[in-house]
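Enquirer:
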Amino acid sequence: MTDDADHTLADEILARARIHAREVVAEHDLPVDLEALEWAVSTRAKRRAGACRWDAETETATIVLARRAYEAYEWPAFAGIVRHELVHAWEFQAFGESGHGSRFRERAAALEAPRHCEEFADPRYVLRCLEPECDWHAKRHRASKPVKSPDGYRCGACGGSYEVEHVDSGRTWTTAGGYGGAKAALSEEW
1 MTDDADHTLA DEILARARIH AREVVAEHDL PVDLEALEWA VSTRAKRRAG ACRWDAETET
61 ATIVLARRAY EAYEWPAFAG IVRHELVHAW EFQAFGESGH GSRFRERAAA LEAPRHCEEF
121 ADPRYVLRCL EPECDWHAKR HRASKPVKSP DGYRCGACGG SYEVEHVDSG RTWTTAGGYG
181 GAKAALSEEW
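Position one of the sequence shown corresponds to residue 1 (the UniProt record's numbering), numbered consecutively onward.
Listed below in C-alpha cells is the structure:
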C-alpha cells in the first residue's frame, strides 16, 4: 500500500508524461494511438528508467516509468525517457514487436530520444574479471545467479573467471560458498 506522498508523486509523473506524449505525437507526427496506451509508475525499478510492455492479446502497450529515475533526473532527461518509450509503443502498435534496431534508432533520433539512459541508482554488486589484461566489469542490483554462483559463469569479454564485490561492504567472492559466507558475515548489513 502506498502513502499519499507516493500517490501524489506517481500522479505527477503520469500527468507530466502524458502531457509530454501528446506534445511529441502532435509535433512529430508520431502515429501512436494514445487512447490505446496505458501508463504506470514503478516504485521498485532500480536499473531501467522506463519500459514499454506489449500485450499482444489486447494489443495494448503500457509504458512503465521509474519513480527513482524521475527523482534523480532533471525533467529534460526524464522527458527523453518518455520519448524513448513512445518509440517502443509506436513499434508495438504498428508492427507488434519492438527492439533497438535501425527502425527504432531512426525514429528515436528524430525525436531526440536517448538510446540508453544514464544510471540513476548505485549498483549493489559489481562483477570484475580476474584476468590481468581484461577490464570487463558488470553492475548488478539484485543477487542474480551470476552474483550468487560466479564460479558457474565467465567474464563477458574474455571468458575468464570473475569476482563479485558487495559494493557497500567491499567484500568479494568467487564461489557460491563465498557468496553465502559474505552474506552470513554481513548479516543485517547485507
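The beta-carbon is built from N, C-alpha and C at its ideal position, and this holds for glycine as well.
Please classify R140: does DSSP put it in a helix, a strand, or coil?
Expert: Strand, per DSSP.
Enquirer: Specify the secondary structure class of T58 as computed by DSSP and reduced to three states.
Expert: DSSP places T58 in coil when its eight states are reduced to three.
Enquirer: Quick test of the definition: if touching needs 3 or more C-beta pairs under 8 Å, does the stretch 89 to 99 touch the stretch 65 to 81?
Expert: Cβ pair count under 8 Å is below three, so no.
Enquirer: In this structure, does DSSP put M1 in helix, strand or coil?
Expert: Caution is warranted here: a pLDDT of 47 is assigned to M1, below 50, making its placement in the model unreliable, and the coordinate value is therefore given only provisionally. If DSSP states are grouped into helix, strand and coil, M1 belongs with coil.
Enquirer: Roughly how many angstroms separate the alpha carbons of M1 and W190, rounded to a whole number?
Expert: Note on M1: pLDDT 47, under 50, position unreliable in the model; no value is reported.
Enquirer: If we ignore side chains and look at the alpha-carbon of each, how far apart do A26 and S144 end up?
Expert: Near 42 Å, if we compare the C-alpha coordinates of S144 and A26.
Enquirer: Using three-state DSSP, classify W90 as helix, strand or coil.
Expert: Residue state, collapsed to three classes: helix.
Enquirer: Between the Cα of R113 and those of L30, A15, F95 and T8, spot the shortest distance and give me the residue it belongs to.
Expert: The identity of residue 113 in the sequence shown is Ala, whereas the question assumes Arg. Nearest of L30, A15, F95 and T8 to A113, Cα basis: L30.
Enquirer: Hey, how far is the Cα of A10 from the Cα of R105?
Expert: Their Cα atoms are separated by approximately 29 Å.
Enquirer: Between which two residues does the alpha helix (DSSP H) containing L127 stretch?
Expert: Element bounds for L127: not the alpha helix (DSSP H) but the beta strand (DSSP E), Y125 to C129.
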